[in-house]
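S.K.: Quick one: the structure is below, questions incoming.
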Amino acid sequence: MLSPAFRIRGNVTDATTGQPVPEFVLTPRFVQIHSTAGAAVTNVGEWSEYSRKPCSDGKFSLYYEYPLLSGTRDVHDWQFRVEADGYASAVSRAVRDKERGLQLDFKLEPLPLPEIAVAAPAGTKPVTAAAAVQPGSARPGDSITLFVKLRIAPGHHIYALEDSGCRNLPTSLDATLPRVLKPDGSWVGPEPKVQKDGSRTIAVEALFRRRFMVERGEARKHKLPVKLRYQVCNEALCWPPENIVLETELEVLASQR
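Numbers given in the numbering used here equal positions in the sequence shown, counted from 1, plus 5.
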């Protein structure tokens, strides 16, 4: 017979403001603590994408009937990690199986936005862009955020992600690194301004971001290509859709338990 189910709940708040973190991902892994030659030895599992649980409104409640570690009937001890856009990830202490029903709270430290230098738009280039990842290095099972920053010439505008609100082309971004990165959510951009004709526009400057999971990529530095597609207009005319191809770098570190 299996051990009783493991339950845990908690709150996730901003360490600076105390406000609930609106969206985050909670990931468990198994922990085994045993004694060898009189010394305590701890064995921990990897952070698995299959165990990730999206949560919202600064609260979580988990219930596990079966252990994460295959081949065992007893529920093991646990460790939990919380990740959210704009925050440093947080990892709990080892939580013993006998602590079922524990209230486990996390306070996440806000991360400053990465410094992204973007050339000033001018002449035939009314839109300029650059990309960066945060953090710049990560291990398999970790998540990173890709940022794309745009500058738009005065008097010009582009259109919102996915829905331009008119016949003009919405802005889109594509970034792929097969067998290294896996998307973990959609692209997020600034709130567009809705014009009288229903068009949804972005002007002056924009920052887009998307979170990715690091898969089992080779431990080294990888070039991450990014393609930005957009249509820019001013009050008089619209240019044909254009592409900007960018590149940034991510260092994948060796897996470490």
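Note that CB positions come from ideal geometry on N, CA and C, so glycine has one too.
With three or more C-beta pairs closer than 8 Å as the rule, is the segment 141 to 148 touching the segment 167 to 184?
M.R.: no
S.K.: Using 8 Å for Cβ pairs, my map puts residue 26 next to residue 18. What's the rounded Cβ distance?
M.R.: To locate residue 26, count along the sequence shown from 1; it is residue 21. To locate residue 18, count along the sequence shown from 1; it is residue 13. Sure, about 6 Å apart at Cβ, within 8 Å.
S.K.: Looking at the structure shown, is residue 235 part of a helix, part of a strand, or coil, going by DSSP?
M.R.: Walking along the sequence shown from the start, residue 235 turns up at place 230. Reduced to three states, the DSSP call for residue 235 is strand.
S.K.: What residue range does the beta strand (DSSP E) around residue 179 cover?
M.R.: If you number the sequence shown from 1, residue 179 lands on position 174. Residues 177 to 180.
S.K.: Short check: CB of residue 256 to CB of residue 228, under 8 Å?
M.R.: One-based indexing of the sequence shown puts residue 256 at position 251. One-based indexing of the sequence shown puts residue 228 at position 223. In terms of Cβ geometry, residue 256 and residue 228 do not form a close pair [threshold 8 Å].
S.K.: Starting from the Cα of residue 96, find the closest Cα among 151, 65, 34 and give me that residue.
M.R.: In the sequence shown, counting from the first residue as 1, residue 96 sits at position 91. Minimum Cα distance to residue 96 is reached at 34.
S.K.: For residue 66, which three-state DSSP category applies?
M.R.: Position 61 of the sequence shown, counting from 1, holds the residue named residue 66. DSSP places residue 66 in strand when its eight states are reduced to three.
S.K.: Among the candidates 181, 192, 187, 208, whose CA atom is the shortest distance from the CA of residue 156?
M.R.: Residue mapping note: residue 156 aligns to position 151 of the sequence shown, counting from 1. Per the Cα distances, 208.
S.K.: Which whole-angstrom value is the C-beta distance of residue 213 and residue 186, which I expect to be below 8 Å?
M.R.: As a working mapping, residue 213 is identified with position 208 in the sequence shown. As a working mapping, residue 186 is identified with position 181 in the sequence shown. Not confirmed; about 16 Å, so no contact.
S.K.: Helix, strand or coil for residue 138 per DSSP?
M.R.: Walking along the sequence shown from the start, residue 138 turns up at place 133. Looking at residue 138 - three-state DSSP - the assignment turns out to be strand.
S.K.: Does the contact criterion of 3 or more C-beta pairs under 8 Å hold for the segment 111 to 123 versus the segment 228 to 237?
M.R.: Fewer than three pairs of CB atoms, one per stretch, sit closer than 8 Å, so the segment 111 to 123 makes no contact with the segment 228 to 237.
S.K.: For residue 90, tell me which candidate among 113, 198, 222 has the shortest Cα-Cα distance.
M.R.: Along the sequence shown, one-based indexing puts residue 90 at 85. If we check each option's Cα against that of residue 90, 113 comes out closest.
S.K.: Excluding the 5 residues flanking residue 176 on each side, which residues of the same chain have their C-beta closer than 6 Å to its C-beta?
M.R.: One-based indexing of the sequence shown puts residue 176 at position 171. Answer for residue 176: 163, 164, 166, 235, listed in chain order.
S.K.: Could you tell me the distance, in whole angstroms, from the CA atom of residue 20 to the CA atom of residue 221?
M.R.: Residue 20 sits at position 15 when you count from the first residue of the sequence shown. Residue 221 sits at position 216 when you count from the first residue of the sequence shown. Approximately 31 Å between the Cα atoms of the pair.
S.K.: Applying the criterion that 16 or more other CB atoms from any shown protein chain within 10 Å of the CB defines a buried residue, is residue 59 buried or exposed?
M.R.: Numbered from 1 along the sequence shown, position 54 holds the residue referred to as residue 59. When all chains shown are included, residue 59 counts as exposed.
S.K.: Classify residue 104 as helix, strand or coil using the three-state DSSP reduction.
M.R.: The residue labelled residue 104 in the question sits at position 99 within the sequence shown. Residue 104: helix per DSSP, three-state reduction.
S.K.: Within this structure, are the beta carbons of residue 126 and residue 158 separated by less than 8 Å?
M.R.: Mapped onto the sequence shown, residue 126 falls at position 121. Mapped onto the sequence shown, residue 158 falls at position 153. Yes, these two residues count as a Cβ contact at 8 Å.
S.K.: Am I right that residue 192 and residue 178 are in contact with their C-beta atoms under 8 Å? What's the rounded C-beta distance?
M.R.: Indexing the sequence shown from 1 puts residue 192 at position 187. Indexing the sequence shown from 1 puts residue 178 at position 173. The Cβ separation is near 5 Å, so the contact holds.
S.K.: Measure the C-alpha to C-alpha separation of residue 41 and residue 147 and round it to an integer number of angstroms.
M.R.: Position 36 of the sequence shown, counting from 1, holds the residue named residue 41. Position 142 of the sequence shown, counting from 1, holds the residue named residue 147. For residue 41 and residue 147, the distance between alpha carbons rounds to 30 Å.
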